[in-house]
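>
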Amino acid sequence: MAREVLRMMEKKIKKLKSMITRERFFNCYSPGFSPDNKEGGLEKFLVRLKDEYKTILYVDVDINVFENCTDEEQEAKVLLRLINRELTGKGYNTLEQETISITDALIKWSNTLDGSALLVFYCFHDLYSEKEKNILRSLRKIPRIEMSRYLAILILSNQKIFRWHLYPESDLDDRHVAISRY
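Counting with the working numbering, you get residues 953 to 1134 for the letters of the sequence shown.
1) Suppose contacts are defined by Cβ-Cβ distances below 8 Å. Is residue 1103 in contact with residue 1062 by that definition?
2) Name, in chain order, the residues that DSSP records as bridge partners for residue 1071.
3) Go through its chain and collect everything with a Cβ distance to residue 1108's Cβ below 6 Å, but skip five positions before and after it.
4) Give me the Cα-Cα distance between residue 1076 and residue 1009, rounded to the nearest whole angstrom.
5) Can we say the stretch 1047–1059 touches the stretch 961–978, given the rule of at least three CB pairs closer than 8 Å?
6) With DSSP collapsed to three states, give me the class of residue 1132.
7) What did DSSP end up calling residue 979 once you bin it into helix, strand or coil?
8) In its own chain, which residues sit with a C-beta less than 8 Å from the C-beta of residue 1040, not counting the 5 before and 5 after it?
9) Are residue 1112 and residue 1131 touching if we call contact CB-CB under 8 Å?
10) Can you name the start and end residues of the alpha helix (DSSP H) that residue 1091 belongs to?
11) Based on the DSSP secondary-structure assignment, which residues constitute the bridge partners of residue 985?
12) Expressed to the nearest angstrom, what Euclidean distance is found between the alpha-carbon atoms of residue 1012 and residue 1032?
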């Protein structure tokens, strides 16, 4: 039974990897991706995903790291610290850029890439959280034309992210991001 579950997870991860490669901006959702089930579903999924992407630059971002940030500039600094930690771990040069927002940081970082990178934002679970909405707004503002072809962004949530109403921005729906249930 355990092998069967593992095999099913591997198939789903391979399919997800194919979709991420094709779409580059992707929302994968599952009720099991809630913080209440972090160790049961989400952590196992992240470990398996990281193992699948071991040959490229992989950065996972628990959105709770932005909890104490009071403005977009602080959020950008936190994000760059996470990216720099992964860059250092892989032996790459760190980013020493001034940024004003997550959007700005991601555009600048993606334009420095000369190889594939996957950025995974996870733990979206509260439709009414302004912090979560602000992070999604920042991701929504990234124009696909300015994002390097080397960068892929995966958003993990417990439900489809278009349910987070991002007014005054348009919602992150299938016009902007590919969406699939895990």
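Using N, Cα and C, we set each Cβ at its ideal position, and we do this for glycine too.
In terms of the structure at hand:
1) As a working note, residue 1103 is residue 151 in the sequence shown. As a working note, residue 1062 is residue 110 in the sequence shown. Taking 8 Å as the Cβ cut-off, residue 1103 and residue 1062 qualify as a contacting pair.
2) Your numbering for residue 1071 matches position 119 in the sequence shown. In the DSSP output, where bridge partners are listed per residue, residue 1071 has 1011, 1105.
3) The residue you call residue 1108 lines up with position 156 of the sequence shown. Cβ neighbours of residue 1108 beyond the five flanking positions: 980, 985, 1074.
4) The sequence position of residue 1076 within the sequence shown is 124, counting from 1. The sequence position of residue 1009 within the sequence shown is 57, counting from 1. In a straight line, the C-alpha of residue 1076 is about 22 Å away from that of residue 1009.
5) Pairwise C-beta distances place the stretch 1047–1059 out of contact with the stretch 961–978, as fewer than three of them are shorter than 8 Å.
6) By 1-based counting over the sequence shown, the position of residue 1132 is 180. Residue 1132: strand per DSSP, three-state reduction.
7) Residue 979 sits at position 27 when you count from the first residue of the sequence shown. It is a strand residue.
8) One-based indexing of the sequence shown puts residue 1040 at position 88. The residues are 1046.
9) Sequence index remark: in the sequence shown, residue 1112 carries index 160 (1-based). Sequence index remark: in the sequence shown, residue 1131 carries index 179 (1-based). Taking 8 Å as the Cβ cut-off, residue 1112 and residue 1131 qualify as a contacting pair.
10) Taking the sequence shown and counting its residues from 1, the one referred to as residue 1091 is at position 139. Annotation: the continuous alpha helix (DSSP H) that includes residue 1091 extends over 1082–1092.
11) Here the question's residue 985 lines up with position 33 in the sequence shown. BP columns for residue 985 are empty, so no partner.
12) Against the sequence shown, residue 1012 aligns to sequence position 60. Against the sequence shown, residue 1032 aligns to sequence position 80. If I take the Cα positions, the gap works out to 12 Å.
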